[in-house]
Amino acid sequence: MDRRREAAEADLRRLEVEQRQIRARAQATATRLAVVRARLAGQRARVRGRLRDIYKWGRRGYLDLLLDATDLSELVTRAHFLGTIMRADARLLARYGADVEEYARLYLELETQQEEVATLIARTQARRARIAEEAAAKERLLARIQSERALYEQVIEDLEETDRNLVELIRRMQPAGPPVLGGRFRRFAWPARGSFTSGFGMRVHPIFRIRRMHSGVDIAAPHGAPVAAAWDGTVLYAGWFGGYGKIVIIDHGEGVSTLYAHLSAVLTAPGARVRQGEVIGRVGSTGFSTGSHVHFEIRVNGTPVNPVGP
């Protein structure tokens, strides 16, 4: 954006230079036009007088002037005099005609230059407006980035707080057990039928575009599809939980629990005993979620582990 603004400002400077040059040429043209106009005004009276005399004398008057000569010498003198007058008249009319042509040419040239100046003024104003709009757009973009950065920082803080609260909830409600699952991974069933769209580990969050830990796996499935308990256990929590949306947490003993998030419906309640494969909810997209899926976690003493296995 800054490079575009630099290019626009360079173009604006070029337009302003061009405008000044054409204004200077137009001023010079206007000065020449005023000189020619003044010269024409001075010549106009003489030309009118001479045309009036020529009309009054006509061809017969000049002929009579020659015929009234008393001798050859006077005839030559009068003919020379008439020739001088006629040549002077011709030069006067020629200068007048040339000045009229120059006046017309300068007038048209000045009109063209004034139109060019008007066009350049319009282009300059448009470019200034564009530069101002791009500067305002940049300010709006920076303000939005700063606003979004503040929002994302708040989101990160909220997500981390949700994770802390979840760990605290599980540890408070579930007695601690051995830290190793061993072969129990193989006995857990997947909670829904569908395709895996996101695995366990670090990833870029699909909504907030920030890199953070994904503490489970995502299984894409149709909205409303059944979500089943991965193993026998007791429901610790069922309801809304921050960015996880509607969730169910099941205690399987020995410090092991499973979590099912972004549900569209919860079909169980805290304290309920559930069996593996029993429907406990419906697939949805509640909370911070994109698309219909179930987010599935396995936690040991509140700490998430990879559901796929060690």
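For the sequence shown, the residue numbers in our numbering are 4 to 313. We put the CB at the ideal spot given by N, CA and C, even for glycine.
With DSSP as the reference, identify every bridge partner of residue i, one or two as the case may be.
i      : result
MET176 : Looking at the DSSP assignment, MET176 forms no beta bridge with any residue, so it has no partner.
THR293 : Answer by DSSP bridge pairing: none, since THR293 is not bridged.
TRP243 : LYS249
ASP221 : SER201, HIS298
VAL238 : ILE253
PRO229 : ARG285
LEU262 : ILE252, GLU300
ALA268 : ARG285
PRO307 : ARG302
VAL277 : GLY236
ARG215 : ARG206
Take residue i as the anchor and find which of the options has the nearest alpha-carbon.
i      : options                        : result
PRO307 : GLY204, LEU239, GLY236         : GLY204
ASN304 : THR32, LEU172, GLU142, THR122  : LEU172
GLU119 : GLU300, ILE301, ARG28          : ARG28
TRP193 : HIS296, GLY248, GLY258, GLU142 : HIS296
ARG133 : GLU12, VAL39, SER292           : GLU12
ARG215 : LEU270, SER201, GLN30          : SER201
GLY258 : ILE124, ALA101, LEU239         : LEU239
THR289 : ARG276, GLU21, PHE244, ASN309  : PHE244
GLU21  : ALA223, GLU104, GLU160, ILE124 : ILE124
GLY219 : ARG174, ASN309, PHE291         : ASN309
ARG26  : LEU169, LEU262, ARG167, GLN117 : GLN117
GLY248 : ARG23, GLY256, LEU169          : LEU169
Applying the 10 Å Cβ sphere with the 16-neighbour rule, what's the burial state of residue i?
i      : result
ILE250 : buried
ASP221 : buried
GLY274 : exposed
PRO225 : exposed
GLU163 : exposed
GLU300 : buried
ARG16  : exposed
VAL39  : buried
THR115 : exposed
GLY227 : exposed
ARG302 : buried
SER198 : exposed
Beta-carbon separation of residue i and residue j under 7 angstroms?
i      : j      : result
HIS217 : ALA264 : no
GLY294 : LEU266 : no
ALA268 : ARG285 : yes
ARG278 : ASP235 : yes
GLY246 : THR165 : yes
VAL282 : PRO229 : yes
GLY280 : ALA231 : yes
THR32  : GLU112 : yes
ARG126 : LEU18  : yes
LEU43  : LEU109 : no
ALA233 : PHE191 : yes
ASP254 : GLN177 : yes
ARG174 : THR237 : no
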